[in-house]
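Colleague: Here you go, one structure.
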Amino acid sequence: MKASAFSEIRALLLQVRNTRDIELQEQECFLERTKLAPAQLTSINVARDSLPENILDGYHVLFIGGAGEYSAVENYAWMPGVLELVREADRRSFPVFGSCWGHQVIARALGGTVIHDLSQAELGCLPIFLTEAGKADPLFASFPPQFDANMGHHDRVLDLPPDAIELAIGR
23 MKASAFSEIR ALLLQVRNTR DIELQEQECF LERTKLAPAQ LTSINVARDS LPENILDGYH
83 VLFIGGAGEY SAVENYAWMP GVLELVREAD RRSFPVFGSC WGHQVIARAL GGTVIHDLSQ
143 AELGCLPIFL TEAGKADPLF ASFPPQFDAN MGHHDRVLDL PPDAIELAIG R
């Protein structure tokens, strides 16, 4: 992608954080990893702010961050809006990336099974293994077959949504 086209990208980051310092740190991590300028990233914290109607309009990608103490299994007051936002993005074929809690919310919204499972909790920098589909995927093709990633999960996706393709696995 040309640099000028890249500078036109507008991303929406959906967050669910209780403390401002962690909220800001997550925003900085997304900016650092995506190489977006601060003006290209808009953040909404659903633990504090409501989701406006037609929130995806004017954006090119939706990022869903982590959650700390929140579970993707629980039905918080704001969860129906978050799940519907993911479904709307899917109906539009709108690019969505879920980090940590975000991938669990995407799975739940699209018909997968997510469970709260403290016996399989992940915390720390742990190995990730690309599946054969992941090795062939344009996003992950340049990654090594195994790499380490920071994690903090107490929920896990038990069953993927219909038509989902598993690109990587932990443990």
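In the working numbering, the protein residues as written are 23 to 193.
Beta carbons: idealized from backbone N, C-alpha and C, even for Gly.
Going by CA-CA distance only, name the one from Gln62, Arg39, Pro184 that's closest to His82.
Modeller: Considering only alpha carbons, the answer is Gln62.
Colleague: Once you ignore the five residues that flank Val136 on each side, which residues in its own chain have a CB closer than 6 Å to its CB?
Modeller: Taken in chain order, the residues that qualify are Ala94, Val95, Gln126, Ala129, Arg130, Asp177, Val179.
Colleague: Is Ala61 helix, strand or coil by DSSP?
Modeller: Correct three-state label for Ala61: helix.
Colleague: Could you pull the DSSP bridge partners for Thr135 from this structure?
Modeller: Answer is Asp181, bridged to Thr135.
Colleague: Should Arg42 go down as buried or exposed, given a rule of 16 or more other Cβ atoms within 10 Å for buried?
Modeller: So Arg42 ends up on the exposed side.
Colleague: Within 10 Å of its beta-carbon, does Phe169 have 16 or more other beta-carbons around it, so buried, or fewer, so exposed?
Modeller: Result: exposed.
Colleague: Measuring alpha carbon to alpha carbon, tell me which of Ile150, Ala163, Gly103, Glu48 ends up nearest Asn76.
Modeller: The candidate whose alpha carbon is nearest that of Asn76 is Gly103.
Colleague: Please decide whether Ala94 counts as near chain D, where near means a Cβ-Cβ distance under 8 Å.
Modeller: Absent from the structure: chain D. Only one protein chain is present.
Colleague: Restricting to Cα atoms, I'd like to know which of Gln47, Leu58, Glu54 is closest to Ala33.
Modeller: Checked all of Gln47, Leu58, Glu54; the closest Cα to Ala33 is Leu58.
Colleague: Who are the Cβ neighbours of Pro117 in its own chain at under 6 Å, not counting the five residues just before and after it?
Modeller: Val83.
Colleague: Rounded to the nearest angstrom, how far is the Cβ of Ala69 from that of Val108, given a contact under 8 Å?
Modeller: Not really, about 17 Å apart at Cβ, beyond 8 Å.
Colleague: Answer with buried or exposed for Cys147, where buried requires no fewer than 16 other C-beta atoms within 10 angstroms of its C-beta.
Modeller: Cys147 is exposed by the Cβ-count criterion.
Colleague: Kindly list the residues whose CB is nearer than 7 Å to the CB of Phe165, restricted to its own chain and excluding five residues on each side of it in sequence; keep chain order.
Modeller: Leu152.
Colleague: Residue ranges of each beta strand (DSSP E) run of no fewer than 3 residues wholly in the stretch 47-94, ordered along the chain?
Modeller: You should have 63-67, 83-86.
Colleague: Near Asn40, what residues of its chain come up, given a Cβ to Cβ distance below 8 Å and the 5 sequence neighbours on each side ignored?
Modeller: Excluding sequence neighbours, Asn40 sits near Ala69, Gly90, Glu91.
Colleague: Would Met23 be called buried (16 or more neighbouring beta carbons within 10 Å of its own) or exposed?
Modeller: Note on Met23: pLDDT 48, under 50, position unreliable in the model; no value is reported.
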